[in-house]
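In the working numbering, the protein residues as written are -7 to 69. Have a look at the structure below before the remarks.
Structure follows, in structure tokens:
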């Protein structure tokens, strides 16, 4: 559960820079491997997300990402 929480925290902060995301994923992978912890990584796609950014600007897109993250957190066991 700790690994999931750490990964969702990264998403909460809207880290969208690919380089930072990849660096973070590698760090979590090595940490999980070092301490023999389970690690799950998943990605999702949001239909028509680009059109949200294009039509309503990036702050609206950021709000969509925040709401999706809240829904994902609420569905974790």
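C-beta: ideal position from N, C-alpha, C; glycine also.
Exposed or buried, which one is residue 37 when buried takes at least 16 other CB atoms within 10 Å?
Position 45 of the chain shown, counting from 1, holds the residue named residue 37. Taking all protein chains shown into account, residue 37 has fewer than 16 neighbouring C-beta atoms within 10 Å of its C-beta and is therefore exposed.
Under 8 Å, with one C-beta from each stretch per pair, do the segment 42 to 59 and the segment 12 to 30 reach the 3-pair mark?
Result no; under three Cβ-Cβ pairs closer than 8 Å.
Throw me the rounded Cβ distance for the residue 18 and residue 31 pair, which I believe falls under 8 Å.
As a working mapping, residue 18 is identified with position 26 in the chain shown. As a working mapping, residue 31 is identified with position 39 in the chain shown. Contact doesn't hold; Cβ gap of about 11 Å is too wide.
Note down the Cα distance separating residue 51 from residue 59, rounded to an integer number of angstroms.
Here the question's residue 51 lines up with position 59 in the chain shown. Here the question's residue 59 lines up with position 67 in the chain shown. Roughly 12 Å separates the two Cα atoms.
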